[in-house]
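Report on the following structure.
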Amino acid sequence: MADGESKAETVEVLSKEAETLKAKLEEELSTVAERLEVINYLNIKPRRVLKGHQAKVLCSDWSPDKRHIVSSSQYFDDYFNPETYKT
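Residue 66 in the working numbering sits at position 66 of the sequence shown, and the numbers go up by one each step.
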């Protein structure tokens, strides 16, 4: 049973350490949050509206030359089935 007890002690020590670290992170987060300025008003307006997706856009990214945007939507599997395009 000595091995089982040492494992239990190790788990207990690690649990206490995790709780201590979590408390420390929460304290740091609140300290940083106190120093932030409140943003009252954002003056953001759309420059262009990109159309073409019939569902929620899941992700988007710029091409390496920064001239094009690639995006994917929720219904990608409706149009592209990987089983159909096996090589």
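The C-beta atom is built at its ideal place from N, Cα and C for all residues, glycine as well. If you're wondering where the values come from, they're calculated on a predicted model, not measured in any experiment.
- Residue 73 places its beta carbon 8 Å or farther from that of residue 50.
- Per DSSP, reduced to three states, the secondary structure at residue 57 is strand.
- In this structure, DSSP gives residue 38 a state outside helix and strand, which the three-state scheme calls coil.
- Shown here, residue 30 sits in a helix according to DSSP, grouped into three states.
- Taking the CA atoms as reference points, residue 69 sits about 41 Å from residue 21.
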